[in-house]
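Colleague: For reference, the structure I am asking about is given below.
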Amino acid sequence: MVAFEDIEGFAFDMDGVLADTARFHAIAWHQIADEVGTVWDDELAEALKGIDRMGSLKLILEHGNVAEKYDAAARDALATKKNDNYRNLIATLTPADALPGMLDFLESLQTAGYKMSIASASKNAPFIVERLGMQKYFDAIVDPASLSAGKPDPAIFIAAAAAIELAPEKVIGLEDSAAGIKSINAAGELSIGIGDSKVLHEADLNFATTADVTLARIKATLD
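With full-length UniProt numbering, letter number 15 in the sequence shown gets 15, and the count goes up by one each step, no holes.
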């Protein structure tokens with residue numbers, strides 16, 4: 001495993017790591033699932049974590065066995081409707097919606113001189129960061145539209161390291177989804193999973209909640 005002193009940067013997923021925007025995604029996708037006749041269940045909700053917009057829609061349509069009913073234009077319309085619903089929901093975000101411990105963690109990283117980037121599948125990440133008042137902490141936000149593949153492909157975490165001018169092995173990635181952990185690992189970065197260790201069993205380090213994530217605990221675990 002990488003030594004703590006070799007780490008120079010951190011790459012963050014957004015949903016479920018910095019803020020609970022995942023609940024807004026779930027509400028907006030649930031609305032789309034209802035519209036197309038797909039039954040919403042825990043299995044589907046978990047499968048959508050960390051997956052980009054069109055990938056999520058594809059899973060919803062397949063889960064309901066209705067994929068053949070929607071051509072490209074219809075899928076684009078559904079994806080647009082979902083995003084409109086989602087943006088209406090995230091417009092209500094404030095700094096108070098940052099997940100427990102994350103603002104303190106970001107502050108500690110900035111004070112210690114680490115570079116930080118965001119590797120989120122959400123095209124709305126810049127807007128969310130602004131609503132949360134976190135702009136000052138991040139040196140870069142990867143545009144998922146610029147990538148050829150979404151998570152679990154490593155492209156987004158490779159881009160997140162490049163955006164802060166670091167080699168992947170000098171970066172720690174933080175994720176709450178299995179797809180995201182696979183992405184970090186494939187990029188050659190050290191992975192921190194936040195959530196159920198059974199779901200995130202491929203993570204190099206695991207914390208049950210965001211409130212447990214501190215620089216001191218990461219250092220203690222790596223040392």
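Even glycine gets a Cβ: it sits at the ideal position worked out from N, Cα and C.
Between VAL96 and LEU132, what straight-line distance do the alpha-carbon atoms span, to the nearest angstrom?
Modeller: The displayed chain sequence assigns Ala, not Val, to residue 96. So the two alpha carbons sit approximately 7 Å from each other.
Colleague: Using 10 angstroms around the beta-carbon of HIS25, count the other beta-carbons present and answer buried if the total reaches 16, otherwise exposed.
Modeller: Classification of HIS25: buried, given that the 10 Å Cβ count is 16 or more.
Colleague: In terms of alpha-carbon separation, which member of SER117, GLY16, GLU35, ASN83 lies closest to THR209?
Modeller: GLY16
Colleague: Quick check on DSSP: helix, strand or coil for ASP15?
Modeller: If DSSP states are grouped into helix, strand and coil, ASP15 belongs with the strands.
Colleague: Kindly indicate which residue of MET134, TYR137, GLY101, LEU166 has the alpha-carbon position closest to the one of ARG217.
Modeller: GLY101
Colleague: Which residue from VAL142, LEU57, ALA11 puts its Cα closest to that of GLY173?
Modeller: If we check each option's Cα against that of GLY173, ALA11 comes out closest.
Colleague: Among ASP13, PHE4, ALA3, whose alpha-carbon lies nearest the alpha-carbon of ALA160?
Modeller: ASP13
Colleague: With DSSP as the reference, please indicate the residues paired to LYS115 in a beta bridge.
Modeller: GLY9
Colleague: Relative to the alpha-carbon of ALA77, which residue among GLU35, ALA91, ASP104 has its alpha-carbon at the smallest distance?
Modeller: Checked all of GLU35, ALA91, ASP104; the closest Cα to ALA77 is GLU35.
Colleague: Just grab the DSSP bridge partners of PHE207 for me.
Modeller: PHE207 is bridged to ILE194.
Colleague: Rounded to whole angstroms, what's the CA-CA distance from GLU130 to TYR137? Just pull it up for me.
Modeller: A direct Cα-to-Cα measurement between GLU130 and TYR137 gives close to 11 Å.
Colleague: Excluding five sequence neighbours on each side, which residues of the same chain lie with their C-beta closer than 7 Å to the C-beta of VAL142?
Modeller: SER117, ILE118, ALA119, ILE156, ALA159, ALA160, ALA163
Colleague: Which of the three DSSP states is assigned to GLY173 in this structure?
Modeller: Here GLY173 sits in strand by DSSP.
Colleague: Taking only three categories from DSSP, how would you classify ALA149?
Modeller: Looking at ALA149 - three-state DSSP - the assignment turns out to be coil, as it is neither helix nor strand.
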